[in-house]
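S.K.: Quick one: the structure is below, and I'll ask about it shortly.
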Amino acid sequence: MVSIISILLLLAVGFAQQSLRQTQQVQEALQQRLALYSAVNNIQLKLLTSHWYDQSQLGDINFYAHPFRYNLSEDSPELTVTLQDQNGLLDIRYPFPEIARVLQHFEIDATRANRLVSSLRAQQQTAYDPLNTNRFRLQLQSFAELANLPGWNIEILDKIKPFITLNGGTFNPAQAPDELLAILLPPSQSAIIRQWREEGQFTIRNFSALTGIVEDEIVQLHPGDTVLLTVKNQYGLQLQRLVKLSPYLNEPVIYYRQSYTPQQ
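All letters in the sequence shown, in the order written, are residues -18 to -1, 1 to 246 by mature numbering (1 follows the signal peptide of the UniProt record, and there is no 0).
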């Protein structure tokens, strides 16, 4: 009888310990997730209350997807953050010639690359023109639609997906990620820009001096208002938020999408 009671007590203690461990794991997971959301919200608030043209107000924040470290507090775990200006990517709603160059980088010959861009341009529906109601058409709404255009497929889409967007505008090379600049610029220039960025010496002025690309009525080199914020912790948990930030408008924040990737 005593042995049966002892076994039951051991089982009860084991179940209690297992329940406690599970509770602690859930609590830790919630805390880690909360830390990611808090970091994204804090960075978003800083962007809303800072002048983006003055890099000194932003500290380590950049808009060309160079990772920087972020701590919610002195004793909190370090997080890794990237921000990507959507104008620094190629918007497939406006098929610029740079898309053909990216396609050629992935060993698609020039003739076929130009045909793919022409297909995108032909099938891409132009936006509503209030002066010409006959031109009302819809633009692409998802990358999946691109894969279904004549000549396109999932394999091609997967190759160029890191370099394209549906939330940009006129391409801004100064805020393009290193990998895209390595395709579009001469190797010597892209290498220098990468080094400047790694050393925290990158500015619009030295970018223009090196490349000869300057701001004008069309070309904008300073960051745009739509950015993809990505925060990741040491365990691989990741939060992404695509937002448009317009601090002087009645609706200062427009959320396009948000995704949370749990630990693998």
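Every residue, glycine too, gets a C-beta built ideally from N, C-alpha and C.
Can you give me the start and stop residues for the alpha helix (DSSP H) that residue 160 sits inside?
M.R.: Counting along the chain, the alpha helix (DSSP H) containing residue 160 begins and ends at 160 to 166.
S.K.: What separation, rounded to the nearest whole angstrom, lies between the Cα atoms of residue 94 and residue 12?
M.R.: For residue 94 and residue 12, the distance between alpha carbons rounds to 49 angstroms.
S.K.: Looking at the strands, I want to know which residues DSSP matches up with residue 213.
M.R.: According to DSSP, residue 213 bridges with 63 and 221.
S.K.: Going straight from the alpha carbon of residue 140 to that of residue 88, what length do you get?
M.R.: Each residue's Cα considered, the two are about 11 angstroms apart.
S.K.: So for residue 35, helix, strand or coil by DSSP?
M.R.: In this structure, residue 35 counts as coil in the three-state DSSP scheme.
S.K.: What residue range does the beta strand (DSSP E) around residue 196 cover?
M.R.: No beta strand (DSSP E) holds residue 196; DSSP gives it neither H nor E.
S.K.: If you measure between the beta carbons of residue 81 and residue 72, is that distance less than 8 angstroms?
M.R.: A contact, by the Cβ cut-off of 8 angstroms.
S.K.: Using the DSSP secondary-structure output, state which residues sit across from residue 241 in a beta bridge.
M.R.: According to DSSP, residue 241 bridges with 222.
S.K.: Considering Cα atoms alone, identify which of 17, 152, 125 and 179 is closest to residue 57.
M.R.: Comparing Cα positions, the closest option is 17.
S.K.: Mind checking who residue 176 pairs with in its DSSP beta bridge?
M.R.: Residue 176 pairs with nothing; no bridge assigned.
S.K.: Per DSSP, which one or two residues make a beta bridge with residue 94?
M.R.: Paired residue(s): none; residue 94 is not in a bridge.
S.K.: For residue 52, which residues does DSSP report across the bridge?
M.R.: For residue 52, which the question treats as bridged, DSSP gives the partners 61.
S.K.: Whose CA, out of 74, 171, 149 and 162, lies closest to the CA of residue 129?
M.R.: Checking every option, the nearest Cα to that of residue 129 belongs to 74.
S.K.: Please name the residue in 29, 242 and 236 whose C-alpha comes closest to that of residue 214.
M.R.: Closest option to residue 214, Cα to Cα, is 242.
S.K.: Among 23, 230, 97 and 34, which one has its Cα closest to the Cα of residue 67?
M.R.: Selected option, being the one with the closest Cα: 34.
S.K.: With three or more C-beta pairs closer than 8 angstroms as the rule, is the region 217 to 229 touching the region 23 to 32?
M.R.: Taking 8 angstroms as the limit for Cβ pairs, the verdict is that the region 217 to 229 does touch the region 23 to 32.
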